[in-house]
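Engineer:
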Amino acid sequence: MSQMQQRPLTYARVTEDVVRMVDKPSKKWWALFLPTVALVGLGVTCFFYQVAEGLGVAGYRHPVFWGVYITDFVFWVGIAHSGTLISAILYLFRARFRMSIYRIAEAMTVFAVLTAGLFPIIHLGRPWNFLWLIPYPNSRELWINFKSPLVWDVFAVGTYLTVSSVFFVVGMIPDIAAIRDKVKETPRKIIYSILSFGWKGSNKEWLHYTRAYLYFAALATPLVLSVHSVVSWDFAMGNVPGWHTTIFPPYFVAGAIFSGLAMVITLTIPIRKIFHLEDYITLDNYDGMAKLIILTSCIVGYAYAAEFFMAWYSGSPYEWGQFVYRATGEYALFYWTMVICNCVVPIVLWWEKVRKNIKALFVISILINIGMWFERFNIIVISLSRDFEPGAWGIYKISFVEAGITIGSFAWFFMFFLLFVKTLPAVSIAEMKEILPVPKKGG
Amino acid sequence: MDQGVVGIYSYQDSVLSAVEKLKEAGYRNMRVFSPFPDHEIEAAVDLPESPVRFFTLFGGLLGATCGIGFTVLTSSSWPIAVSAKPIVSIIPYMVIVFELTVLFGALSTFLGLIVNSLIRQRTPVRLYDERFSDDKFGVAVICEKENIGAVEAILNSTGAEEIKFDEA
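Residue numbers (our numbering), protein chains in the order written: chain A, 1 to 443; chain B, 1001 to 1168.
Take a look at the structure:
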């Protein structure tokens, strides 16, 4: 393998390396895949237990009726954001460091939205009633309420899932064609032929393809910004101390990109190692992502400070009481975990040595993910547990069913991801070739 | 009866010179295969602008119209005041309008890509070579049977490594 890494990158080698990735799964792959399936089983068991027993087995207690499930929903929607950031926004900015990682980030987006979409349904307790969110008239011909942020959410997340899936599939067409032309076994050849839509790579096809890709990117860019803004309105439109603020949309979008980038780093580091992609996903790629993490970390840190300032400056005792409680009350440990993971830890990324140190990046990215999960938990749960009326205050504790479903959701996400890296081109063949020097006879 | 001929190349500059010479000689019905989108080839062949943009535009407009129609008509069909807001509240409806604009725009862009690039392209399958998705370029010309010899000469003179023929 070390010999292979010393070979310079050529067109033929790029194709060969990606085709090798979709070869028969190794023992290492199975060792990762089987435990994720088992943990998905745990989550599914907890879910059916909750359906049978009712929402009482979740930790919901008065006054907190939005808990871990909604936290998980917002967390996974957030994770989904950096995929489109890398594939669409950085595409429009022509950022070269996106080339080798954008496919992985896009796959992550699709699977994270798939995971996020489950949580509102789990949270319903009676999951079959989720149909009520879909726009159709009820038996008295009354339609859904388009003024409700929850309905906006259905449209935003539904559109995001559809558009990011289409973007993902379109991006893969030329690469699947390259795999189709390399594999020998008939069943695989047939499957890849269908998925490649008969792609030939002629100049006409590329002309339409590059234009379509540009328009996708142009449509997906405002979409990314809209989706987490809409998710933040689920809270900001509610008159609850700690929620009712106009800073929420940019704060949530920055937080989403922050956590999503951290997840891209968490996922690409093991993949780079297992599939020997050191020549593709280079330290410069990580450097670029780490710089974006610094930027978004600063925005998130500023938002934390601005929230506190506005609570004080507003003169509202409820707002101010809520924020003092966050930092000093029963949930203070969660609050300070969030602050340390999201604002203090990323400071070390200002040093280039850290940005190019894979082990350090891996640890930092996991800490950021933990911090961002707690950010959502703090916003949702702490605000609800202390609103206006002291007589109605209460404490929420996570139940084992919620913990099981949350663990199951992580396993569900990784399961799809592992299936993806073994069956589809995880590194974009065409775009890698685009950044290699063009072979010219004249030199 | 037209016939197809394809030259296989390793170097992009040879492809560019082949395209130039073929254009000079008046052969316009050609396809250039490449493993990645190459802007120099695109400029050399000089095709008219892709019609995919109209699909995007009309899809987006259709989405916006559907969004406005859907929200306004459904809420006026059973006027019920919610949250002390007007029956037709334009600002909240804009969220739905925006999302549907993007959704329809993206789906029709996809349709535009499929229609233009994969259905309407009519690239003769047998002129394709599996190496074109790997590391080779190809210049395919479809012309009258009697001109095949002249095209072959151009392809040879510009450094084609291999030439294949087929009924187009």
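Note that beta-carbon positions come from the ideal geometry of N, C-alpha and C, so glycine has one too.
Measure the C-alpha to C-alpha separation of residue 1069/B and residue 357/A and round it to an integer number of angstroms.
Structural biologist: Roughly 54 Å between the two C-alpha positions.
Engineer: Excluding five sequence neighbours on each side, which residues of the same chain lie with their C-beta closer than 7 Å to the C-beta of residue 49/A?
Structural biologist: Hits under 7 Å: 57 and 401.
Engineer: Per the DSSP calculation, residue 1030/B is bridged to which residue(s)?
Structural biologist: Bridge partners of residue 1030/B: 1141/B.
Engineer: Please tell me whether residue 418/A and residue 36/A are closer than 9 Å, where the distance is taken between their beta carbons.
Structural biologist: It is a contact, given that the beta carbons lie within the stated cut-off.
Engineer: Cα-Cα, which of 276/A, 84/A and 328/A is closest to residue 165/A?
Structural biologist: Of the candidates 276/A, 84/A and 328/A, the one whose C-alpha sits nearest the C-alpha of residue 165/A is 84/A.
Engineer: What does the alpha-carbon distance come out to for the pair residue 328/A and residue 381/A?
Structural biologist: Straight-line Cα distance between these residues: approximately 15 Å.
Engineer: For a contact meaning CB atoms closer than 7 Å, what does residue 83/A contact in chain B?
Structural biologist: Ordered by position in chain B, no residue passes the 7 Å Cβ test against residue 83/A, which lies about 15 Å from the chain.
Engineer: Looking only at its own chain, which residues have a Cβ that is under 8 Å from the Cβ of residue 459/A, when we skip the five neighbours before and after it?
Structural biologist: Because chain A in this structure spans residues 1 to 443, residue 459/A falls outside the shown range and cannot be described.
Engineer: Quick check: the region 338-347 of chain A against the region 369-379 of chain A, are at least 3 beta-carbon pairs closer than 8 Å?
Structural biologist: The answer is yes - the region 338-347 of chain A touches the region 369-379 of chain A, with three or more Cβ pairs under 8 Å.
Engineer: For residue 261/A, does the three-state DSSP call read helix, strand or coil?
Structural biologist: It is helical.
Engineer: Rounding to the nearest angstrom, what Cα-Cα distance links residue 1045/B and residue 1112/B in this structure?
Structural biologist: Distance between the alpha carbons of residue 1045/B and residue 1112/B: 21 Å.
Engineer: May I ask which residues mark the beginning and end of the alpha helix (DSSP H) holding residue 1060/B?
Structural biologist: Residue 1060/B -> alpha helix (DSSP H) spans 1052-1077.
Engineer: Would you say residue 101/A and residue 378/A are within 9 Å of each other, going by their C-beta atoms?
Structural biologist: Not closer than 9 Å, so no.
Engineer: What residues are listed by DSSP as bridge partners for residue 1008/B?
Structural biologist: Residue 1008/B pairs with 1138/B and 1162/B.
Engineer: Name the residues in the region 426-440 of chain A whose C-beta lies less than 7 Å from a C-beta of chain B; which are they?
Structural biologist: For the region 426-440 of chain A, which is checked against every Cβ of chain B, the residues closer than 7 Å are 430, 433, 434, 438, 439 and 440.
Engineer: Residues in its own chain within less than 7 Å of residue 988/B by CB, not counting five upstream and five downstream?
Structural biologist: The first residue shown for chain B is 1001 and the last is 1168, placing residue 988/B beyond what the model contains.
Engineer: Who are the Cβ neighbours of residue 306/A in its own chain at under 7 Å, not counting the five residues just before and after it?
Structural biologist: Excluding positions up to five away in sequence, the list reads 247.
Engineer: Please return the same chain residues whose Cβ sits closer than 8 Å to the Cβ of residue 212/A, not counting the five positions on each side in sequence.
Structural biologist: Counting only Cβ-Cβ distances below 8 Å, and skipping sequence neighbours, we find 170.
Engineer: Let me know the secondary structure DSSP gives residue 139/A once reduced to three states.
Structural biologist: Residue 139/A falls in the coil class under three-state DSSP.
Engineer: When you compare the CB positions of residue 15/A and residue 1166/B, do they come within less than 9 Å of one another, or not?
Structural biologist: No, the pair does not count as a contact, with Cβ atoms beyond the cut-off.
Engineer: If you drop the 5 nearest sequence neighbours on each side, which residues of the same chain put their C-beta closer than 6 Å to that of residue 1168/B?
Structural biologist: Legend: pLDDT at residue 1168/B = 48, less than 50; position of this residue unreliable, no value from coordinates given.
Engineer: Less than 9 Å between CB atoms is the rule here; does residue 1105/B satisfy it with respect to chain A?
Structural biologist: Chain A, which has a Cβ nearer than 9 Å to the Cβ of residue 1105/B, makes this yes.
Engineer: Report the three-state DSSP secondary structure of residue 74/A (helix, strand or coil).
Structural biologist: The answer is helix: DSSP assigns residue 74/A an H, G or I state.
Engineer: Of all the alpha helix (DSSP H) runs that stay within the bounds of the region 22-81 of chain A, which reach a length of 4 or more residues?
Structural biologist: Counting only runs of 4 or more, we get 27-53 and 68-79.
Engineer: I want to know whether the region 292-309 of chain A touches the region 247-265 of chain A - three or more CB-CB distances under 8 Å.
Structural biologist: Because the criterion of three Cβ pairs below 8 Å is met, the region 292-309 of chain A and the region 247-265 of chain A touch.
Engineer: Residue 202/A bridges to which residues according to DSSP?
Structural biologist: Looking at the DSSP assignment, residue 202/A forms a beta bridge with 1033/B.
Engineer: Take residue 1079/B as the anchor and find which of 87/A, 209/A, 143/A and 342/A has the nearest alpha-carbon.
Structural biologist: The residue with the shortest Cα to Cα distance from residue 1079/B is 143/A.
Engineer: CB-CB under 8 Å to residue 1100/B, same chain, minus the five flanking residues each way: which ones, in chain order?
Structural biologist: Within the same chain, residue 1100/B has close Cβ partners 1063, 1064, 1066, 1067 and 1070.
Engineer: Is the region 1104-1118 of chain B touching the region 146-166 of chain A, taking contact as three or more C-beta pairs under 8 Å?
Structural biologist: They touch, by the three-pair rule.
Engineer: Could you pull out every residue in the same chain whose Cβ sits closer than 8 Å to the Cβ of residue 422/A, ignoring the five residues on either side in sequence?
Structural biologist: So the list reads 21, 22, 25 and 29, once near-sequence residues are dropped.
Engineer: For residue 145/A, decide whether its Cβ has a neighbour in chain B, counting only Cβ atoms nearer than 9 Å.
Structural biologist: With 9 Å as the cut-off, residue 145/A counts as an interface residue toward chain B.
Engineer: Quick check: is the beta carbon of residue 11/A nearer than 9 Å to any beta carbon in chain B?
Structural biologist: Interface residue, yes.
Engineer: Going along the region 173-196 of chain A in order, which residues come within less than 8 Å of chain B, judged by CB to CB distance?
Structural biologist: The region 173-196 of chain A vs chain B, Cβ under 8 Å: 174, 177, 178, 180, 181 and 182.
Engineer: Is the Cβ-Cβ distance between residue 107/A and residue 98/A less than 9 Å?
Structural biologist: No, these two residues do not count as a Cβ contact at 9 Å.
Engineer: Which runs of the alpha helix (DSSP H) at least 4 residues long sit entirely within the region 207-281 of chain A? Give them in chain order.
Structural biologist: Runs found: 248-274.
Engineer: Does residue 209/A get closer than 9 Å to chain B when you measure Cβ to Cβ?
Structural biologist: It does: the Cβ of residue 209/A has a partner Cβ on chain B nearer than 9 Å.
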